[in-house]
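Chemist: Starting off with a structure, shown below.
Protein chains in written order, with our numbering: chain A, 124 to 234; chain B, -7 to 107.
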């Protein structure tokens, strides 16, 4: 019930392509869904987040799509760049609560 | 831009020794967290802290672990008697909470190596 499942585990995309990472959850009490970007040896950096009252949120090249009925959400990175190469984690929480992280997706953007 | 800071960046200790990991959360934040990440794995919640007391803890956070906010700025994680399996990156995070927003901002981490 507390798990967040993330796929794929790794992803290789050409420069300029679209990177898509998917997550699924079971706990319907979750109401906050952030995505974090992590470079090697660094802490997770908050990228973008969504609440279940909207189906999509866009910030620059990053878009979260949210499907409440399917209990799924995804991160789309448009025009992917080599500098986007990092590990991406989805997460979920109840208000003010702990973050439950997915397993992570290692993204590699090839020039 | 305000940041969460952590010290030290790397701590090497022998099994059975006590370690204290230090964090300075963002100044107007009210909720504080510790997470850990074993190499190559996902980030796992350890404990949350609000209003000078633990709000929630995971099963990882056993009697060997404790947290403290000794003054108005620092937030510490103590591991009383370290084990080999405590080797991991430890991240501190903070958020404003409630009306201020639930975004959690992470520090750069402390790499703990237990030998």
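Idealized CB from N, CA, C, for every residue including glycine.
Per DSSP, which residues does residue 103 of chain B bridge with? Please list them.
Modeler: Under DSSP, residue 103 of chain B takes part in a beta bridge, and its partners are B/2, B/81.
Chemist: How many whole angstroms separate the CB atoms of residue 108 of chain B and residue 155 of chain A, which I take to be in contact at a CB cut-off of 8 angstroms?
Modeler: Lying before the first or after the last residue shown, residue 108 of chain B is absent from chain B, which here runs from -7 to 107.
Chemist: Listed in chain order, which residues of the segment 201 to 215 of chain A have Cβ atoms closer than 9 angstroms to some Cβ of chain B?
Modeler: 212, 214
Chemist: Exposed or buried, what is residue 218 of chain A when buried is set at 16 or more other beta-carbons lying within 10 Å of its beta-carbon?
Modeler: Under the 10 Å beta carbon count, residue 218 of chain A is surrounded by fewer than 16 other beta carbons and is classified as exposed.
Chemist: Which whole runs of the beta strand (DSSP E) in the segment 131 to 196 of chain A are 3 residues long or more, in chain order?
Modeler: Scanning the segment 131 to 196 of chain A for uninterrupted beta strand (DSSP E) segments of 3 residues or longer gives 133 to 137, 142 to 148, 156 to 161, 168 to 173, 179 to 182, 185 to 190, listed from N- to C-terminal end.
Chemist: Would you kindly work out how many angstroms separate the C-alpha atoms of residue 86 of chain B and residue 163 of chain A, rounded to a whole number?
Modeler: 21 angstroms
Chemist: Mapping DSSP to helix, strand and coil, what is residue 31 of chain B?
Modeler: It is coil, neither helix nor strand.
Chemist: Can you grab the Cα-Cα spacing for the pair residue 65 of chain B / residue 167 of chain A, in whole Å?
Modeler: 22 angstroms
Chemist: Strictly below 9 angstroms CB to CB, what residues from chain A border residue 83 of chain B?
Modeler: 166, 167
Chemist: Quick check: the Cα distance between residue 179 of chain A and residue 149 of chain A, rounded to an integer number of angstroms?
Modeler: 19 angstroms
Chemist: From the beta carbon of residue 230 of chain A, is the nearest beta carbon of chain B less than 8 angstroms away?
Modeler: Residue 230 of chain A does not count as touching chain B.
Chemist: By a C-beta neighbour count over all protein chains shown, 10 Å radius and 16 as the cutoff for buried, is residue 1 of chain B buried or exposed?
Modeler: exposed
Chemist: Tell me whether residue 76 of chain B sits in a helix, a strand or coil according to DSSP, three-state version.
Modeler: helix
Chemist: For residue 37 of chain B and chain A, any beta-carbon pair shorter than 8 angstroms?
Modeler: Answer yes: the Cβ-Cβ gap between residue 37 of chain B and chain A drops below 8 angstroms somewhere.
Chemist: Could you tell me the alpha carbon to alpha carbon distance between residue 189 of chain A and residue 132 of chain A, rounded to whole angstroms?
Modeler: 20 angstroms
Chemist: Could you give the C-beta distance for residue 3 of chain B and residue 11 of chain B, rounded to a whole number, given that I count them as a contact under 8 angstroms?
Modeler: 6 angstroms
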